[in-house]
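K.L.:
Residue numbers (this note's numbering): 99 to 519. In this text, a Cβ means the ideal position worked out from N, Cα and C, and glycines have one as well. Below you'll find the structure I mean.
Right, here's the structure in full:
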């Protein structure tokens with residue numbers, strides 16, 4: 099009896115202790131511990147297990163892992179085929195692949211940006227470098243009585259017989275002679291009307307009889323002569339005062355540049371109508387269309403052989419100039435660096451332009467020349483001899499030349515009635 103009473107007392111004592119411990123977890127829900135029944139269940143033996151006997155492996159509950167607790171709070175999570183959570187991925191997986199993909203895209207964008215900058219920068223640098231190589235002279239200064247700005251665009255193109263830059267061997271090979279100073283070998287005006295009409299290449303006879311500032315009545319060629327105190331600005335002023343047409347751009351090229359440009363584009367096709375032989379110009383060619391290199395083309399435009407001497411020469415110069423521009427601006431020339439780069443180097447090194455002119459003005463001239471310009475000369479009225487050291491001169495036809503210049507002043511196409519073969 100005593101033992102039973104003791105057992106019952108001990109049982110009551112254990113029950114009281116269990117109840118006391120349970121009471122710790124069974125607080126009021128508002129006391130701060132969420133879901134006390136779940137906490138209690140982690141540590142209470144399962145029903146049917148002996149309190150005093152040995153505990154089974156499941157008698158003690160483990161604390162849930164962090165990912166399991168998170169899944170419990172969130173209502174479940176991603177698990178593998180065995181029911182286990184894969185946990186976090188640090189060294190690989192989808193996140194790492196995405197980062198590598200983003201880095202590759204960033205590298206590609208940087209490379210593309212660098213290539214784009216280079217493609218844009220190189221032509222700009224090349225343009226300014228080439229533009230700086232142009233020789234410049236004050237050819238278009240303002241003076242009292244100069245014509246006002248007019249519609250359309252005018253380019254005075256001068257072929258100089260200057261030997262500057264040629265060695266003794268070059269002068270012998272090109273049959274240029276060794277004259278000092280420089281004179282005009284060619285005078286042309288490229289006129290681009292403002293009304294959308296065809297451009298015109300107008301030859302100005304070198305023997306045109308005009309009044310030259312500081313020199314007096316003489317052939318217009320004398321206005322360019324350095325021996326007489328002339329030059330580019332004097333030539334421009336003499337033409338402007340005689341015609342009343344304002345010149346917008348000035349372009350000059352000498353013998354050395356002439357040959358270099360022709361050779362740079364691979365030669366030009368010219369079509370003499372008859373056999374031509376002139377030892378003074380180093381020329382010996384057959385009739386018919388043919389490709390001419392620099393020295394041959396120079397002899398072709400300089401020779402005075404022919405029935406009309408200087409007038410025939412003017413026609414050949416117009417023919418040559420048109421062929422040169424067409425070949426220089428052909429797609430095969432511009433797309434070939436072995437031709438386009440030497441063309442730019444030779445051209446910019448030998449062209450002389452006004453102080454306000456740039457490569458863009460030369461490009462504008464070239465584009466106008468590709469628009470199938472009509473060729474003409476200033477209409478000639480007579481060829482008198484004025485005597486003295488001047489001799490034979492060319493006098494312009496006042497009526498027809500007046501029609502030509504009036505159209506140019508108004509920016510209109512030159513009428514057929516004013517054309518001169």
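How about the region 224 to 241 and the region 447 to 460: do they share at least three Cβ pairs that are nearer than 8 Å?
P.N.:
The answer is yes - the region 447 to 460 touches the region 224 to 241, with three or more Cβ pairs under 8 Å.
K.L.:
Is the CB-CB distance between residue 337 and residue 254 below 8 Å?
P.N.:
Counting from one through the chain shown, the residue named residue 337 turns up at place 239. Counting from one through the chain shown, the residue named residue 254 turns up at place 156. The answer is yes: Cβ separation under 8 Å.
K.L.:
What does the alpha-carbon distance come out to for the pair residue 421 and residue 198?
P.N.:
Looking up residue 421 in the chain shown gives position 323. Looking up residue 198 in the chain shown gives position 100. Near 58 Å, if we compare the C-alpha coordinates of residue 198 and residue 421.
K.L.:
Alpha carbon to alpha carbon, what distance is there between residue 289 and residue 332?
P.N.:
Along the chain shown, one-based indexing puts residue 332 at 234. Along the chain shown, one-based indexing puts residue 289 at 191. Those two C-alpha atoms are separated by around 20 Å.
K.L.:
Quick one: does the C-beta of residue 288 sit closer than 7 Å to a heavy atom of the ligand ZN?
P.N.:
With respect to small molecules bound, the structure shown includes none, and the ligand ZN cannot be examined in it.
K.L.:
Who does residue 388 pair with in a DSSP beta bridge?
P.N.:
Reading the chain shown from its first residue, position 290 is the one you call residue 388. Answer by DSSP bridge pairing, in chain order: 368.
K.L.:
For residue 459, report the span of its alpha helix (DSSP H) as first-last.
P.N.:
Here residue 459 refers to the residue found at position 361 when the chain shown is read from its first residue. Run containing residue 459: 457 to 467, per the alpha helix (DSSP H) assignment.
K.L.:
Could you check which residue in 513, 507 and 516 has the C-alpha nearest to that of residue 346?
P.N.:
What you label residue 346 is simply residue 248 of the chain shown in a count that begins at 1. Residue 507 is the option with its Cα nearest to residue 346.
K.L.:
Which same chain residues end up closer than 6 Å to residue 532 when comparing Cβ atoms and leaving out the 5 residues on each side of it in sequence?
P.N.:
Any property of residue 532 remains undetermined from this structure, which presents the chain solely from 99 to 519.
K.L.:
Apart from the five residues just before and just after residue 502, which ones in its own chain have a Cβ nearer than 6 Å to its Cβ?
P.N.:
Residue mapping note: residue 502 aligns to position 404 of the chain shown, counting from 1. Taken in chain order, the residues that qualify are 512 and 516.
K.L.:
Exposed or buried, which one is residue 210 when buried takes at least 16 other CB atoms within 10 Å?
P.N.:
Position 112 of the chain shown, counted from the first residue, corresponds to residue 210. Looking at its Cβ environment, which holds fewer than 16 other Cβ atoms inside 10 Å, residue 210 is exposed.
K.L.:
Among the candidates 302, 314 and 224, whose CA atom is the shortest distance from the CA of residue 284?
P.N.:
Reading the chain shown from its first residue, position 186 is the one you call residue 284. The shortest C-alpha separation from residue 284 is found at 302.
K.L.:
Can you give me the start and stop residues for the beta strand (DSSP E) that residue 444 sits inside?
P.N.:
As a first step, residue 444 must be located in the chain shown, where it is residue number 346. Premise fails: residue 444 lies in the alpha helix (DSSP H), 435 to 448, not in any beta strand (DSSP E).
K.L.:
Let me know the beta strand (DSSP E) ranges lying completely inside the region 307 to 379, each 3 residues or longer, listed in chain order.
P.N.:
Counting only runs of 3 or more, we get 307 to 310, 314 to 317, 347 to 351, 366 to 368 and 374 to 376.
K.L.:
Please classify residue 213: is it buried, with 16 or more other beta-carbons within 10 angstroms of its beta-carbon, or exposed?
P.N.:
Mapped onto the chain shown, residue 213 falls at position 115. Its Cβ having fewer than 16 others within 10 Å, residue 213 is exposed.
K.L.:
Give me the Cα-Cα distance between residue 309 and residue 250, rounded to the nearest whole angstrom.
P.N.:
Here residue 309 refers to the residue found at position 211 of the chain shown. Here residue 250 refers to the residue found at position 152 of the chain shown. Cα to Cα, the separation comes out at about 26 Å.
K.L.:
Would you check if the distance between the CB atom of residue 488 and the CB atom of residue 375 is smaller than 8 Å?
P.N.:
Position 390 of the chain shown, counted from the start, is the residue given in the question as residue 488. Position 277 of the chain shown, counted from the start, is the residue given in the question as residue 375. No, these two residues do not count as a Cβ contact at 8 Å.
K.L.:
Between residue 438 and chain D, is there a C-beta pair that is closer than 8 Å?
P.N.:
Note that chain D does not occur in the displayed structure, where there is just one protein chain.
K.L.:
Can you give me the C-alpha to C-alpha distance between residue 472 and residue 485, rounded to a whole angstrom?
P.N.:
Position 374 of the chain shown holds residue 472. Position 387 of the chain shown holds residue 485. Answer to the nearest angstrom: the Cα atoms are 35 Å apart.
K.L.:
What is the C-beta distance between residue 518 and residue 474, in whole angstroms, given that I count them as a contact (C-beta under 8 Å)?
P.N.:
On the chain shown, position 420 is the one that residue 518 refers to. On the chain shown, position 376 is the one that residue 474 refers to. Their Cβ separation, rounded to whole angstroms, is 5 Å, which keeps residue 518 and residue 474 in contact under 8 Å.
K.L.:
Between which two residues does the alpha helix (DSSP H) harbouring residue 234 extend?
P.N.:
Sequence index remark: in the chain shown, residue 234 carries index 136 (1-based). Per DSSP, residue 234 belongs to no alpha helix (DSSP H); it is in the beta strand (DSSP E), 233 to 235.
K.L.:
Less than 8 Å between the beta carbons of residue 545 and residue 425, yes or no?
P.N.:
The chain is shown only over 99 to 519; residue 545 falls outside these bounds and no answer can be derived.
K.L.:
Is it true that the CB of residue 423 sits closer than 8 Å to the CB of residue 390?
P.N.:
Residue numbering aside, residue 390 sits at position 292 when the chain shown is read from its first letter. Residue numbering aside, residue 423 sits at position 325 when the chain shown is read from its first letter. Result no, Cβ atoms of residue 390 and residue 423 do not sit closer than 8 Å.
K.L.:
Let's test the definition: count the other Cβ atoms within 10 Å of the Cβ of residue 252 and tell me whether it reaches 16, buried, or not, exposed.
P.N.:
Within the chain shown, residue 252 is the residue found at index 154, counting from 1. Buried, because 16 or more other Cβ atoms sit within 10 Å of the Cβ of residue 252.
K.L.:
Mind reading off the beta-carbon distance from residue 292 to residue 462? Whole number of angstroms is fine, and I expect it under 8 Å.
P.N.:
To locate residue 292, count along the chain shown from 1; it is residue 194. To locate residue 462, count along the chain shown from 1; it is residue 364. Wrong, their Cβ atoms sit about 14 Å apart, outside the cutoff.
K.L.:
Exposed or buried, which one is residue 196 when buried takes at least 16 other CB atoms within 10 Å?
P.N.:
In the chain shown, the residue the question calls residue 196 occupies position 98. That one is exposed.
K.L.:
Using CA coordinates, which residue listed in 372, 335, 326 and 430 is at the minimum distance from residue 362?
P.N.:
Start at 1 with the first residue of the chain shown, and residue 362 comes out as number 264. Closest option to residue 362, Cα to Cα, is 430.
K.L.:
Could you give the first and the last residue of the continuous beta strand (DSSP E) run that contains residue 506?
P.N.:
For the purposes of this step, residue 506 is identified with residue 408 of the chain shown, where counting begins at 1. No beta strand (DSSP E) holds residue 506; the alpha helix (DSSP H) holding it covers 496 to 507.
K.L.:
Here's the rule I'm using: 16 or more other beta-carbon atoms within 10 Å means buried, otherwise exposed. How should residue 334 be labelled?
P.N.:
Residue 334 sits at position 236 when you count from the first residue of the chain shown. Flag for residue 334 reads buried.
K.L.:
Tell me, please, which residues DSSP counts as bridged to residue 254.
P.N.:
For the purposes of this step, residue 254 is taken as the residue at position 156 of the chain shown. Answer is 287 and 348.
K.L.:
Alpha carbons only, please: which of 339, 282 and 287 is nearest the one belonging to residue 324?
P.N.:
Locating residue 324 in the chain shown gives position 226, counting from the first residue. Of the listed residues, the one whose Cα sits closest to residue 324 is 282.
K.L.:
Which residues in the same chain as residue 228 place their Cβ atom closer than 7 Å to its Cβ, once the five residues preceding and following it in sequence are excluded?
P.N.:
Start at 1 with the first residue of the chain shown, and residue 228 comes out as number 130. Taken in chain order, the residues that qualify are 442, 446 and 457.
K.L.:
For residue 497, count neighbouring C-beta atoms within 10 Å of its own C-beta (all shown protein chains included) and say buried if the count is 16 or more, exposed if not.
P.N.:
Residue mapping note: residue 497 aligns to position 399 of the chain shown, counting from 1. Exposed is the call here.
K.L.:
Classify residue 379 as buried or exposed, calling it buried when 16 or more other Cβ atoms lie within 10 Å of its own Cβ.
P.N.:
By one-based count along the chain shown, residue 379 stands at place 281. The residue in question, residue 379, is buried, as its Cβ has 16 or more Cβ neighbours within 10 Å.
K.L.:
How would you label residue 241, buried or exposed, when you count the other beta carbons within 10 angstroms and need 16 or more for buried?
P.N.:
Here residue 241 refers to the residue found at position 143 of the chain shown. By the 10 Å Cβ count, residue 241 comes out exposed.
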